[in-house]
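Please read the structure below before turning to the comments.
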Amino acid sequence: MAGQLKDVYRNRYLLWSFIRADLRNRYGASFLGFFWSVINPLLLILLYTLVFGYILDINVGGNAGPKNYGLFLFSGMLPWLAVSDATQRASTVILENRDLVKQVRFPKIMLPLRCVISAFIHELVALLVFLAILVVFNQPPLPVMLATLVAIWPLQLLFTTGLCLFVASVTVFYKDARELTTALLTLWFFATPVIFPVDVIPKEIGLFFFFNPLTPLMNLHRAALLGNEVPDLYGFAYFALFSIMLFIFGWVWFKKMARDFADLI
Numbered sequence: 504m505a506g507q508l509k510d511v512y513r514n515r516y517l518l519w520s521f522i523r524a525d526l527r528n529r530y531g532a533s534f535l536g537f538f539w540s541v542i543n544p545l546l547l548i549l550l551y552t553l554v555f556g557y558i559l560d561i562n563v564g565g566n567a568g569p570k571n572y573g574l575f576l577f578s579g580m581l582p583w584l585a586v587s588d589a590t591q592r593a594s595t596v597i598l599e600n601r602d603l604v605k606q607v608r609f610p611k612i613m614l615p616l617r618c619v620i621s622a623f624i625h626e627l628v629a630l631l632v633f634l635a636i637l638v639v640f641n642q643p644p645l646p647v648m649l650a651t652l653v654a655i656w657p658l659q660l661l662f663t664t665g666l667c668l669f670v671a672s673v674t675v676f677y678k679d680a681r682e683l684t685t686a687l688l689t690l691w692f693f694a695t696p697v698i699f700p701v702d703v704i705p706k707e708i709g710l711f712f713f714f715n716p717l718t719p720l721m722n723l724h725r726a727a728l729l730g731n732e733v734p735d736l737y738g739f740a741y742f743a744l745f746s747i748m749l750f751i752f753g754w755v756w757f758k759k760m761a762r763d764f765a766d767l768i
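Under my numbering, residues 504 to 768 are what the sequence shown spells out, in order.
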């Protein structure tokens, strides 16, 4: 594993060139370009806010209304979209780059890493928009709370990398895994407190949400950005442990499976 990490560092400029090419391919030909990375999430957030914040008038942290729900939703969608987008794209990244994978000297691990970092860049851009919205609503987060994000991001990257490495390798061996990934991400979205607060979850299924590793990720983002609660240290510790274990598992799994990629695609 240490050797592969060194390979990634040695090929960091190659990885960055892949990321830039990926962003150009996704947005280079469109009129609005990179702004679509913000427009699409905003449209989705507006839709959910209309349904859950205006029509259903869901109470969030003791406050109802579209504005409060919209801010609550946006803060949860930031990490969710980064994780789900990276995972979805990782499910096809090996098969879409057959020519590169068949080259003996090409570091195959660069492909899923490209998905992870590209999605994280999109999250950072969306975060800047969200911070601007908070300032407009006179709810700027405290600098000390924003420091929480700096502690969360490395763990989020470890979590997403481990997940993407596993998914990217599995889809090479089982082509149906691509469709299964899409279905599971949809289920995972509604099994994660993204569009609803944790306190509305029935006690009968509360344990399931408690063990969901994305639950503390959502809560920590909201604590940092909205400042309406103290960051949960137990949740942080659980997410940290889970992320490290998933990263190690995904890395070892990918290394083992990558030997047969060229023969299967």
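C-beta: ideal position from N, C-alpha, C; glycine also.
Would you say residue i and residue j are within 9 Å of each other, going by their C-beta atoms?
| i | j | result |
| --- | --- | --- |
| M760 | V670 | no |
| S746 | L630 | no |
| V541 | V628 | yes |
| L471 | G753 | No answer is possible for residue 471: the residues shown for the chain start at 504 and end at 768. |
| S578 | L720 | no |
| F521 | M613 | yes |
| L598 | V675 | yes |
| L518 | P544 | no |
| W656 | F623 | yes |
| G730 | Q642 | yes |
| F768 | V604 | Correcting the residue type first, residue 768 is Ile in the shown sequence and not Phe. Against a cut-off of 9 Å, the Cβ pair of V604 and I768 comes out as a contact. |
| S587 | L688 | yes |
| L581 | E626 | yes |
| K611 | F764 | yes |
What are the boundary residues of the alpha helix (DSSP H) that includes residue i?
| i | result |
| --- | --- |
| N715 | It is not in any alpha helix (DSSP H) - N715 carries neither H nor E in the DSSP assignment. |
| R617 | 613 to 639 |
| T552 | Run containing T552: none; DSSP gives neither H nor E here. |
| I768 | First-last for I768: undefined, no H or E at that position. |
| V755 | 736 to 760 |
Can you list, in chain order, the residues of its chain with a C-beta nearer than 8 Å to that of residue i? Leave out the 5 residues immediately preceding and following it.
| i | result |
| --- | --- |
| L576 | I548, Y551, T552, F555, G556, V697, I698 |
| A680 | S594, V670, V673, T674 |
| R617 | L518, F521, I522, D525, V596 |
| A654 | F739 |
| D735 | P719, N722, L723, A726 |
| R527 | none |
| Y741 | P716, P719 |
| R601 | I768 |
| T684 | T590, Q591, S594, V670, T674 |
If you drop the 5 nearest sequence neighbours on each side, which residues of the same chain put their C-beta closer than 7 Å to that of residue i?
| i | result |
| --- | --- |
| L749 | F662, G665, L666 |
| P615 | A593, V596, C667, L668, A671 |
| V619 | A589, L660, T663, T664, C667 |
| K509 | none |
| S621 | I522, D525, L526 |
| L649 | A727 |
| W756 | L668, F669, S672 |
| L645 | G730 |
| A686 | none |
| L546 | none |
Cutting at 6 Å between CB atoms, please list the residues of its own chain near residue i, excluding the five before and the five after it.
| i | result |
| --- | --- |
| L652 | A727 |
| N514 | P610 |
Are the region 712 to 725 and the region 688 to 695 touching, with three or more C-beta to C-beta distances below 8 Å?
yes
Contact between the region 699 to 709 and the region 630 to 642 (3+ Cβ pairs under 8 Å):
no
Do the region 633 to 652 and the region 585 to 602 make contact, defined as three or more Cβ pairs closer than 8 Å?
The answer is no - the region 585 to 602 does not touch the region 633 to 652, with fewer than three Cβ pairs under 8 Å.
Return the chain-ordered ranges of every alpha helix (DSSP H) run that is complete within the region 655 to 730 and spans a minimum of 4 residues.
DSSP runs (the alpha helix (DSSP H)) wholly in the region 655 to 730: 680 to 693, 706 to 714, 717 to 729.
With a floor of 3 residues, list each beta strand (DSSP E) that falls wholly inside the region 568 to 604, ordered by position along the chain.
none
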